[in-house]
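In order, the protein sequences belong to chains H and S.
Residues in the first sequence are numbered from 60 upward in steps of one, following our numbering.
Residues in the second sequence are numbered from -15 upward in steps of one, following our numbering.
What follows is a short report on a single structure.
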Amino acid sequence: MIDTFEILSTSGVVLWSKNYIPVGNNVVNSLIREVFIEEKVAPGTNAGEDSDTRKPSYKKEGYTLKWTAAKDLGLIFVAVYQSLVHLTWIDKLLDNVRALFTELYKDELKKPRTSAQMFPFDDYFDRQIHELEPHADATAPKIFEPTPSVDLTPPSSSGTDREGDEPPPMPGLRKAPQKPVYSDNTSTDATPVPTPDTSRPSSPAVSQLLTAKAGPAAKLSRRGRKKANISSAPVSSGDESPARLKAVKKGPTKKSMRRWDDNGMADEDDGTVLDYSAASLDDEAAGTPMEEVDHSTWGKRTGKGEFVLKDLDDEMDSILAAANSKKATSEQTGGIVGSSLGVIGGLFRNVVGGKTLTKEDIAKSMKGMEDHLLKKNVAREAAVRLCESVERELIGMKTASFTSVETTINSAMESALSKILTPATSLDLLRQIQSVTSPSALSLQKPRPYVISIVGVNGVGKSTNLSKLCFFLLQNKYRVLVAAADTFRSGAVEQLKVHVRNLRELSKREGGEVDIYEKGYGKDAANIAQDAVKHATENGFDVVLIDTAGRRHNDARLMSSLEKFAKLANPDKIFMVGEALVGTDSVQQARHFNAAFGAGRSLDGFIISKCDTVGDMVGTLVSMVHATGIPVVFLGTGQHYSDLRTLNVKWAVRLLMS
Amino acid sequence: MAWYDDDSWVTKALGPNISTIIIVTLIAFALPLLVHSYLYRARTFATLPTFLLLGPSGAGKTSLLCLFDNGKPSETRISQTPLSATITLPSNATARSSKYRSENDPSMKKNRQFQLVDIPGHGKLRHFTLEHITKLQNLKGIIFLVDTADLSTGSGAQSDNGLLEAAEYLHDVLLVLQKRYTSAKTSKGPKEIPFLIAGNKQDLFTALPTPLVKAALEAEISKVRETKSKGLLDSGIGMGEDAVEEEREWLGDGGEGKFQFKQMEEVNVPIEVICGNVLGDGTNGVEKWWQWIGDQM
Ligand SMILES: Nc1nc2c(ncn2[C@@H]2O[C@H](COP(=O)(O)OP(=O)(O)OP(=O)(O)O)[C@@H](O)[C@H]2O)c(=O)[nH]1
Ligand SMILES: [Mg+2]
Chain H
60 MIDTFEILST SGVVLWSKNY IPVGNNVVNS LIREVFIEEK VAPGTNAGED SDTRKPSYKK
120 EGYTLKWTAA KDLGLIFVAV YQSLVHLTWI DKLLDNVRAL FTELYKDELK KPRTSAQMFP
180 FDDYFDRQIH ELEPHADATA PKIFEPTPSV DLTPPSSSGT DREGDEPPPM PGLRKAPQKP
240 VYSDNTSTDA TPVPTPDTSR PSSPAVSQLL TAKAGPAAKL SRRGRKKANI SSAPVSSGDE
300 SPARLKAVKK GPTKKSMRRW DDNGMADEDD GTVLDYSAAS LDDEAAGTPM EEVDHSTWGK
360 RTGKGEFVLK DLDDEMDSIL AAANSKKATS EQTGGIVGSS LGVIGGLFRN VVGGKTLTKE
420 DIAKSMKGME DHLLKKNVAR EAAVRLCESV ERELIGMKTA SFTSVETTIN SAMESALSKI
480 LTPATSLDLL RQIQSVTSPS ALSLQKPRPY VISIVGVNGV GKSTNLSKLC FFLLQNKYRV
540 LVAAADTFRS GAVEQLKVHV RNLRELSKRE GGEVDIYEKG YGKDAANIAQ DAVKHATENG
600 FDVVLIDTAG RRHNDARLMS SLEKFAKLAN PDKIFMVGEA LVGTDSVQQA RHFNAAFGAG
660 RSLDGFIISK CDTVGDMVGT LVSMVHATGI PVVFLGTGQH YSDLRTLNVK WAVRLLMS
Chain S
-15 MAWYDDDSWV TKALGPNIST IIIVTLIAFA LPLLVHSYLY RARTFATLPT FLLLGPSGAG
45 KTSLLCLFDN GKPSETRISQ TPLSATITLP SNATARSSKY RSENDPSMKK NRQFQLVDIP
105 GHGKLRHFTL EHITKLQNLK GIIFLVDTAD LSTGSGAQSD NGLLEAAEYL HDVLLVLQKR
165 YTSAKTSKGP KEIPFLIAGN KQDLFTALPT PLVKAALEAE ISKVRETKSK GLLDSGIGMG
225 EDAVEEEREW LGDGGEGKFQ FKQMEEVNVP IEVICGNVLG DGTNGVEKWW QWIGDQM
């Protein structure tokens, strides 16, 4: 059972929601924050056409969230359920709801949406839930498994209550169309999803259940259905492969058999009407004489409630079926009807703008863009991800006036880069130190030293950057204690001592004060760090800078000691130093270090050293942030103590795009 | 048949035929029209007065916009894209320009309409702010929403410090406005941009009262400005030819002493602080904000 289903706009308004069990809005908020905005959790990559993969999911506070989007309309569909239960039909529900919602309200959705009132979607949703939610849980996974062989097993067979009525699935129909039967229609979102079974699984139980509820929706649904008719009729009259046709046809046939057992034979004869999907929803327009007869008997026999119910039923079916066939035809026309006129028009639009982008249009340019990023020393993984996110954003978009595809891609990439590099929260280190060392009277906190520790692989310039940071703090008149917790590499302590002596010399006039805390070699680094913090607290230091031993990120033994270190020293900030020169390894380095501090603790930022040596190949910045979602705080840009900079995102993006 | 033959199409196209003349005339007249209509189709014809809605995430911007638009708030989640809506002032808050108009003047309704643009407040999405401030056609004012129940000075070590966040964002926005003024070419300077700091969530009992909100923000901005001036240079400065050469500038009077909102009047940005609440049935609700908007129109 799902707890909550929400339909939101990207601009932050909940357009429609259904709460079975109230879920705090921080759950969905953190999905938006961590997945969509900060991209800390990479969304599952199921962008392929033949996606057998499931929808991405996200876990938070014991809930699992699954979502899908209609990019062009700016909609997000989120289902929230308890992680403990294993629901296999959510993907399908999301797809169906997306198709229904985008079709039903496609006019309303074009206007700015600020209110939930214009979307009376409850009945449709309830019915979808009833249809999809398996009654016997045990059989559910099998039925909804997206393997082609069981594709067409009617889901309703899981409903034990009506099993007797169900005709056995016709063997001929079991030859499933291999492609997903339906995917989104109005939305061009690039993440089509596995659609295991037929477009509309017929439901046995719902028909009665919904009778009462459907009343108020009657008017609306009739209007909506007309719309659906208009949109689906031309589509379904297009040529379709027999297999697909059968699949579409199958649903309604089965249903009519279920509903009117005495009419069953007649309905089956209907096989001559090839385009059943269109016909079945035409009960008002009465496409065939057959339908007309049906219509009248039906109206008399079942009374108003049932009629309305059927209405809603059919409407939903037709929308889903239309979604289907639209997809199917669009797939075909791509190859065959690519007429010369279309090509010329495309070229023209490419120059003038106003072209709707497809995957093919941008594929070549995207490849070029990827190569460009690789040349800038961006790790392949990060480059691919950036390109994918740009692609996801662009497909289905219209290019602006007088902009070519290339320009559009360039500017999309530019904003993707600046989005990834821009920190989510303030990085004003001084301000944070200030609030810890001299807290305001209101906050009732005792002043204490601010602890920063520096980690990284061997030889990337940890001590050098620590000294630069120290110099910066000294200029701001802080009392700094440098703790030599590199008890491993010989000469490390001496090196720090030299730095501290230099810094003391340099800062004499400025007013800062610096000292070193060292206990020689061989001792446990975590304990030294802890003692250093204690020493600093007792002696009124403002900041403690802890230097740690360099370690290779794949050295499990040394890496594991970091967890204890983080616990004992409890630094306010852990910065990792990475070299701008390092290539693909950067992603792994960042990941391993980020994970090394145990649950609940991660890196707080990167210091990228030796930026002056790489020219415009500053790709490492992107790689590291990509791997962890953690911002770059400082850049080391030279040999002097003063060569430390904060990151200017504009500057970095300009270098990367040049 | 070669292209230079008498009856080839090239010859015809260049010859004084009546058909050629007609075709050429048609093209000559139709093309500019087509291009014109193509270019202007997308434009909105009349730009309404526009107000920007800024503020940190969770301040209640989207809630406020929904309330203005529908008369009642909707449920909201974190915004990812800007949202704009055309809103009509309620009849009790009159636009200043139409104070002396009759209630029944048909142009009244038109005059009471404005565009409100909600910009997402998440740190990574602030670039929208800059874009909108610099590009909006008919910007009549900026509303900066803060959550007055979340202005306590927290521990500071973590970044969950509401006051710091609000102040830093506010500082950056004001700095942009100041730069707009100081870098203006004309001697008169750019037109005035009224600025409303709207303290939201007054219905919560932890909310600070208006004078304290103002004082807290001013004090915090002073601190932000101070640490900014002491901070490191950023990588855009003095690194190669690609450097983004932007001279540093401090907010307010040369960045000295205490910052006060009054100081922004010098750069044509009059600031007001008014508190209210979107949700709950507090004392003032959003009436005063309506009035402020009306005053700017
Ligand atoms: N108590 C109280 N809560 C409010 C008030 N206004 C808004 N909220 C709540 O504050 C939360 C955040 O509101 P939003 O409008 O989504 O915030 P936002 O400013 O749009 O945030 P972003 O979109 O992330 O920039 C919602 O849960 C609102 O219900 C108010 O006046 N009082
Ligand atoms: Mg919002």
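For every residue, glycine included, the Cβ atom is placed at its ideal position computed from N, Cα and C.
This one's a predicted model, so the numbers in the text were calculated from it and none came from an experiment.
Can you check whether the C-beta of H:Asn85 is within less than 7 Å of a C-beta belonging to chain S? no
Along chain C, which residues have their Cβ under 8 Å away from the Cβ of H:Ala483? Given the protein chain composition of this structure (H and S), no chain C is represented.
Proximity test, Cβ basis, 7 Å: S:Glu225 and chain H: In this prediction, S:Glu225 has a pLDDT of 44, which is less than 50 and means its spatial position is unreliable; what the coordinates show is noted afterwards. Not closer than 7 Å to any Cβ of chain H, the Cβ of S:Glu225 fails to qualify, so no.
Tell me whether the beta-carbon of H:Gly121 lies closer than 7 Å to the beta-carbon of H:Ser89. no
On the three-pair Cβ rule with 8 Å, is the segment 652 to 665 of chain H touching the segment 534 to 543 of chain H? no
H:Ser295 versus H:Gly637 - alpha carbon distance: In this predicted model, H:Ser295 has a pLDDT of only 41, less than 50, meaning its place in the structure is not dependable enough to derive any value.
For a test of the three-state rule: what should DSSP assign to S:Thr72, helix, strand or coil? strand
S:Ser63: CB within 6 Å of a non-hydrogen atom of ligand 2: yes
Quick check on H:His145: buried or exposed, where buried means 16 or more other Cβ atoms within 10 Å of its Cβ? exposed
Would the beta-carbon of S:Asp279 be found less than 6 Å away from any heavy atom of ligand 1? no
Just to make sure I have the definition right: I need the residues of chain H whose C-beta is within less than 8 Å of the C-beta of S:Leu217. Which are they? Arg704, Thr705
N-terminal and C-terminal residue of the beta strand (DSSP E) that H:Ser76 is part of: 73 to 78
Taking the beta strand (DSSP E) that H:Arg538 belongs to, which residues open and close that run? 538 to 544
Distance, S:Trp(-7) Cα to S:Ala14 Cα: 23 Å
Among S:Gln64, S:Ser47, S:Pro66, S:Thr(-5), nearest to S:Pro57 - alpha-carbon criterion: S:Ser47
Alpha-carbon spacing of H:Tyr79 relative to H:Asp62, whole angstroms: 5 Å
Inspect the CB distances between the segment 680 to 692 of chain H and the segment 436 to 443 of chain H and report whether three or more fall short of 8 Å. yes
Of all the options S:Thr9, S:Leu263, S:Pro33, S:Met248, which has the alpha carbon lying nearest to the alpha carbon of S:Tyr165? S:Met248
How about S:Pro104: is its Cβ closer than 6 Å to a heavy atom in ligand 1? yes
Please confirm whether S:Glu152 has its beta-carbon closer than 7 Å to some beta-carbon of chain H. yes
Per DSSP, the bridge partner or partners of H:Met635: H:Val514, H:Phe665
Do the CB positions of H:Thr715 and H:Arg704 come within less than 7 Å of each other? It should be pointed out that residue 715 of chain H corresponds to Leu in this sequence rather than to Thr. Taking 7 Å as the Cβ cut-off, H:Leu715 and H:Arg704 do not qualify as a contacting pair.
What's the C-alpha gap between S:Trp274 and H:Gly609? 60 Å
S:Ala151: beta carbon under 6 Å from a heavy atom of ligand 1? no
Closer than 9 Å at the beta carbon, the chain S residues around H:Arg92: Ser41, Ile62, His106
Just the Cα atoms here: how many angstroms apart are H:Gly515 and H:Ile605? 12 Å
When the Cβ atoms of the segment 58 to 78 of chain S are set against those of the segment 103 to 110 of chain S, are three or more pairs found closer than 8 Å? yes
Residues of the segment 201 to 212 of chain S whose Cβ lies closer than 8 Å to any Cβ of chain H, in chain order: Lys207, Val208, Thr211, Lys212
Using a Cβ-Cβ cut-off of 6 Å (strictly less than) and excluding sequence neighbours within five positions of S:Leu123, which residues of its own chain qualify? Thr34
If we define contact as Cβ-Cβ less than 7 Å, is H:Ser355 a contact residue for chain S? Residue placement at H:Ser355 cannot be trusted, given a pLDDT of 41 that sits under 50; what the coordinates show is reported in the next sentence. Taking Cβ atoms only, chain S never reaches closer than 7 Å to H:Ser355, which makes this a no.
I think S:Gly44 touches S:Val262, with their Cβ atoms under 8 Å apart; what is that distance to the nearest whole Å? 5 Å
Would you mind stating whether H:Ile454 and H:Lys478 have Cβ atoms separated by less than 7 Å? no
Given a limit of 8 Å on CB to CB distance, which residues of the segment 246 to 265 of chain S reach chain H? none
Shorter than 6 Å, the distance from the beta carbon of S:Ser58 to the closest heavy atom of ligand 1, or not? no
Name the two residues that bound the continuous beta strand (DSSP E) containing H:Tyr700. First-last for H:Tyr700: undefined, no H or E at that position.
Let me make sure I understand the geometry here. Which of H:Lys426, H:Ile421, H:Asn707 has the alpha-carbon closest to that of H:Ser718? Past the edges of chain H, shown from 60 to 717, lies residue 718 of chain H, and the structure says nothing about it.
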